[in-house]
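Let me begin by presenting the structure, written as structure tokens, before commenting on it.
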Amino acid sequence: MSKNAPDLFHNRSTTQEFLVSHTDDTIDDGTPQDPGTGHDSPLAASSDDFGDMLDRRRLEAAIDDQLTGALNLCVLAIHIVPPSTTESVNEHPTPFGTDILQALINHQHAQNGIWGRIGQGRYACVFTDLTVVDGRHMAETLMEAVDDADKKRLTIGLAAYPTINYSRRQTLDNAEKALDHGAFFGPGTITPFDAVSLNISGDRRYQTGDIDGAIAEFKKGLLIDPTNANLHNSLGVCYGVQQQYDTALAAFENADWLSPDDVMAIYNKGYVLMLMDENEQALACLLEANRREPDIFEVVFHIGQIHMQLDRADRARVYLEAATRANNRSGPAFRNLGTCLNKLGMTKEAIQAYKSAIKMNPADAQSLATLGGLYTNRGESLDVAMVLCEQSVHLEPQNGFFRHQLAMVYLNQEKLADALASFETAVQLGHDSHHQVAETRNRLLAAKAS
Numbered sequence: 517m518s519k520n521a522p523d524l525f526h527n528r529s530t531t532q533e534f535l536v537s538h539t540d541d542t543i544d545d546g547t548p549q550d551p552g553t554g555h556d557s558p559l560a561a562s563s564d565d566f567g568d569m570l571d572r573r574r575l576e577a578a579i580d581d582q583l584t585g586a587l588n589l590c591v592l593a594i595h596i597v598p599p600s601t602t603e604s605v606n607e608h609p610t611p612f613g614t615d616i617l618q619a620l621i622n623h624q625h626a627q628n629g630i631w632g633r634i635g636q637g638r639y640a641c642v643f644t645d646l647t648v649v650d651g652r653h654m655a656e657t658l659m660e661a662v663d664d665a666d667k668k669r670l671t672i673g674l675a676a677y678p679t680i681n682y683s684r685r686q687t688l689d690n691a692e693k694a695l696d697h698g699a700f701f702g703p704g705t706i707t708p709f710d711a712v713s714l715n716i717s718g719d720r721r722y723q724t725g726d727i728d729g730a731i732a733e734f735k736k737g738l739l740i741d742p743t744n745a746n747l748h749n750s751l752g753v754c755y756g757v758q759q760q761y762d763t764a765l766a767a768f769e770n771a772d773w774l775s776p777d778d779v780m781a782i783y784n785k786g787y788v789l790m791l792m793d794e795n796e797q798a799l800a801c802l803l804e805a806n807r808r809e810p811d812i813f814e815v816v817f818h819i820g821q822i823h824m825q826l827d828r829a830d831r832a833r834v835y836l837e838a839a840t841r842a843n844n845r846s847g848p849a850f851r852n853l854g855t856c857l858n859k860l861g862m863t864k865e866a867i868q869a870y871k872s873a874i875k876m877n878p879a880d881a882q883s884l885a886t887l888g889g890l891y892t893n894r895g896e897s898l899d900v901a902m903v904l905c906e907q908s909v910h911l912e913p914q915n916g917f918f919r920h921q922l923a924m925v926y927l928n929q930e931k932l933a934d935a936l937a938s939f940e941t942a943v944q945l946g947h948d949s950h951h952q953v954a955e956t957r958n959r960l961l962a963a964k965a966s
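Put into structure tokens, the structure is as follows:
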């Protein structure tokens, strides 16, 4: 995934908690994305406006049939941004892009290419016997063929054949990937296809759940630029999601070696080691990540978690508190902080942490049950404790611990029959409440005898 500013991932992660140098697919240049199979916008120039222009299918066929012997190909993918909604229809009485596209097609050099429409507001021109350098010059020439106002509505991506093991037809796809890459720079720019283009393409596949497709893109990117640390990191994330942990670790180590000051790969390595229950090694990686860039939410949160797993609540506290500061909307961070503070005997502070966790997520059954238990242990707010514990049981009726917590509230309220029923259910669900079952039965017998 392509590298963005560090603040992009201070308080976010993927579903699997990996930190990714994650491209933002919400870039809006004003044009709906269209792979070339949808309906034309009523304002968009279509191939019907240009009698000899091919559609995408015929353009691909032309590359296969007419250009199969070409030693070099260069494809320019062109995106014409539509007018803004604030511009009046009178300013654009013809379909948008018609004037710009006509100027490009009429250019003497462009007349030697094969033109086609490949999507909504997107066009391509295929040239033979041009290298990528020649293609860059051609793109600059076409950009100069339009006036300054139209340059602000024009983006060009380019790709050349041969490039690694891509076919001639795939050069068209690569030009489109370069065009998507160019969206990050905006209109008026020319972007050649490169490893970053594949990083962006792979990231978009990753976001749609196509992990194998993302891996293929990242691997091809590394054929173009094997020193790209972001590609190694992104490849490691994919392997991590697939639980191929050894392969993921190797990718993260490559990324870290290539970019030793960056935080992502060393964090991801630590997270994978944590998934492998290698807690001490994981902790070393996460501490190094925190040294490189302090107080990233995911980093300090997992440092705190590992310290708790290693029974070091005193060390965990500072990192879990840092996690709640880094992301004050994270229910899990407040819940883990509550567990830590309770273990340290700081009951009042733990109660506040659990309250915050429930505020963030009212369906957090663990926090509801634990907070109810804390109130019960303190002998205060028993009615509130009962409501909290009943809600936890409602959310997760098969959880024996939650049943036990509810039974303890009933016991403190002298609702002995309800307490016994809940203790017995807790035992059936696997919780060790046998002692409480016996004690409550004895209390019931004593109450009946009196």
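Here this note's numbering is used: the first residue of the sequence shown is 517, the next is one more, and so on.
Heads up, the beta-carbon is just placed ideally off N, CA and C, and yes, glycines get one too.
Bear in mind that the values here come from a model prediction, so they are computed numbers and not experimental data.
Taking a contact as a CB-CB distance under 8 Å, the pair Q825 and N795 counts as one, their CB atoms being some 6 Å apart. Just measuring C-alpha positions, the residue of G946, G635 and S908 sitting nearest G916 is G946. Under the DSSP assignment, P703 falls outside any beta strand (DSSP E); it carries neither an H nor an E label. Collapsing the DSSP output to three states places G651 in a helix. In this structure, the straight-line span from the alpha carbon of Y639 to that of L674 is close to 12 Å.
Scanning the stretch 747 to 811 from its first residue to its last, the whole alpha helix (DSSP H) runs of 4-plus residues come out as 761 to 774, 780 to 791 and 795 to 808. By the Cβ rule, the stretch 744 to 753 counts as touching the stretch 762 to 782, because three or more pairs are nearer than 8 Å.
Out of K875, A933 and S938, the CA that lies nearest to the CA of C905 is found in S938. Residue pairing by DSSP puts T644 in a beta bridge opposite L589. Taking 9 Å as the cut-off, the Cβ atoms of R833 and L860 count as close. Beta-bridge analysis with DSSP links L674 to L592 and P708. With fewer than 16 other Cβ atoms inside 10 Å of its own Cβ, E896 counts as exposed.
Note that the stretch 647 to 658 does not touch the stretch 570 to 577; fewer than 3 beta-carbon pairs, one per stretch, sit closer than 8 Å. The beta carbon of S883 is closer than 6 Å to those of R851, Y870, A873 and I874 in its chain, skipping five residues each way along the sequence.
Annotation: D580 to R685 spans about 7 Å, alpha carbon to alpha carbon.
Closest in C-alpha terms to A781, from the list V757, M924, L575 and V753, comes V753. Our two residues, L592 and D615, have alpha carbons roughly 18 Å apart in a direct line. Straight-line spacing of the CA atoms in E912 and Q921 works out to 13 Å.
Straight-line measurement puts the Cα of L802 at about 44 Å from the Cα of N928. CA-to-CA, the gap between A923 and Q944 works out to about 14 Å. Looking at the DSSP output, I731 shares a beta bridge with no other residue.
Looking only at A942, K785 and V597, the smallest Cα-Cα distance to K667 is reached by V597. In the DSSP assignment, I579 is bridged to no other residue. When the alpha-carbon of W631 is set against those of C641, L932 and A694, the nearest one is in C641. Here the alpha carbons of E940 and H950 stand approximately 8 Å from one another. Boundaries of the beta strand (DSSP E) around G635: I630 to G635. The three-state reading of DSSP puts L570 in strand, counting E and B together. Approximately 5 Å separates the beta-carbon atoms of L589 and T687; this is inside 8 Å, confirming the contact. In the three-state reduction of the DSSP assignment, R828 falls in the coil class. Per the DSSP secondary-structure output, R638 pairs in a beta bridge with H595 and G635. In the structure shown, the three-state DSSP call for Q929 is coil. Distance between M862 and S713, taken at the CA atoms: about 52 Å. The beta carbon of D778 sits closer than 7 Å to those of A745, all from its chain and outside the five residues before and after it, given in chain order.
For T956, the enclosing alpha helix (DSSP H) has its first and last residue at H950 to A965.
Distance from the Cα of T671 is smallest, within the candidate group I634, G698, D663 and Y682, for G698.
Counting along the chain, Q907 sits inside the alpha helix (DSSP H) bounded by residues L898 to L911.
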